[in-house]
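Participant:
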Amino acid sequence: MEFSSLRYADVIVVAPAGRIDHASAESFQMTLEPILVAAAGMNGALLLDLSKVTYISSVGLRVVMMAAKHLRARKARIAAAALQPIVREIFEIARFNHVVELFGSMDDALRALSEPALAAYHAGTGSSVQ
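Last residue of the sequence shown: 790 (our numbering), numbering continuous.
Right, here's the structure in full:
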């Protein structure tokens, strides 16, 4: 699984690619941990760009659930955008649409989370996280 992250104003966008399953979930979790601290510390949001995720297993969903619990406890938001149809179906079957806010596109998600982040995203002025 590949992974990238950028900060746009008060939103950190995390973009994993590939499968999030038993083989990659631990790596995904370890990579997310410092980003969760950063997102919660700035009273912002974490946005998962899942456009390049082809599959997520129950182990991957657990990582997302733990991230949501961590952020909610610190009054930060978590959302996911641009899910592939199979990934969206998995989220909906597992009722994760009640755990994470789901959006059809990055624009929709950023518009709902933070107008300054949306403007920074369109301007291409993201900064690296960590």
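Using N, Cα and C, we set each Cβ at its ideal position, and we do this for glycine too.
DSSP on Val760, reduced to helix/strand/coil?
Facilitator: As a first step, residue 760 is located in the sequence shown; it is residue number 100 there, counting from the start. In the structure shown, Val760 sits in coil (DSSP, three-state: anything other than H, G, I, E or B).
Participant: Could you check which residue in Ile746, Arg737, Ser684 and Pro694 has the C-alpha nearest to that of Arg722?
Facilitator: The residue labelled residue 722 in the question sits at position 62 within the sequence shown. It is Ser684.
Participant: According to DSSP, simplified to helix, strand and coil, what is Arg667?
Facilitator: Position 7 of the sequence shown, counting from 1, holds the residue named residue 667. In this structure, Arg667 counts as strand in the three-state DSSP scheme.
Participant: Please return the same chain residues whose Cβ sits closer than 6 Å to the Cβ of Ala779, not counting the five positions on each side in sequence.
Facilitator: The residue given as residue 779 occupies position 119 in the sequence shown. No residues qualify anywhere along the chain.
Participant: Contact criterion: CB-CB distance below 9 Å. Does Leu778 meet it with respect to chain C?
Facilitator: In the displayed structure, chain C is absent; only one protein chain is listed.
Participant: Apply the 10 Å Cβ neighbour rule to Ser787 and answer buried if 16 or more other Cβ atoms are within range, or exposed otherwise.
Facilitator: Indexing the sequence shown from 1 puts residue 787 at position 127. Counting Cβ neighbours within 10 Å, Ser787 comes out exposed, since fewer than 16 surround it.
Participant: Taking a contact to mean a Cβ-Cβ separation below 9 Å, would you say Gly701 touches Arg734 in this structure?
Facilitator: For this step, residue 701 is matched to residue 41 along the sequence shown. For this step, residue 734 is matched to residue 74 along the sequence shown. Yes, the Cβ-Cβ distance between Gly701 and Arg734 is below 9 Å.
Participant: Hey, quick one: how far does the alpha helix (DSSP H) through Ala783 stretch, first residue to last?
Facilitator: Taking the first residue of the sequence shown as position 1, residue 783 is located at position 123. Here the alpha helix (DSSP H) through Ala783 covers Glu775 to Ala783.
Participant: How big is the Cα-Cα spacing for Leu773 and Val671?
Facilitator: Counting from 1 along the sequence shown, the entry for residue 773 is found at position 113. Counting from 1 along the sequence shown, the entry for residue 671 is found at position 11. Spanning the two alpha carbons is a distance of roughly 8 Å.
Participant: Measuring straight from C-alpha to C-alpha, what distance separates Ala728 and Leu708?
Facilitator: Stepping through the sequence shown from its first residue, residue 728 is reached at position 68. Stepping through the sequence shown from its first residue, residue 708 is reached at position 48. If I take the Cα positions, the gap works out to 11 Å.
Participant: Residues in the same chain with beta-carbon distance under 6 Å from Ile716, minus the five sequence neighbours each way, listed in chain order, please.
Facilitator: For the purposes of this step, residue 716 is identified with residue 56 of the sequence shown, where counting begins at 1. So the list reads Ile680, Val747 and Ile750, once near-sequence residues are dropped.
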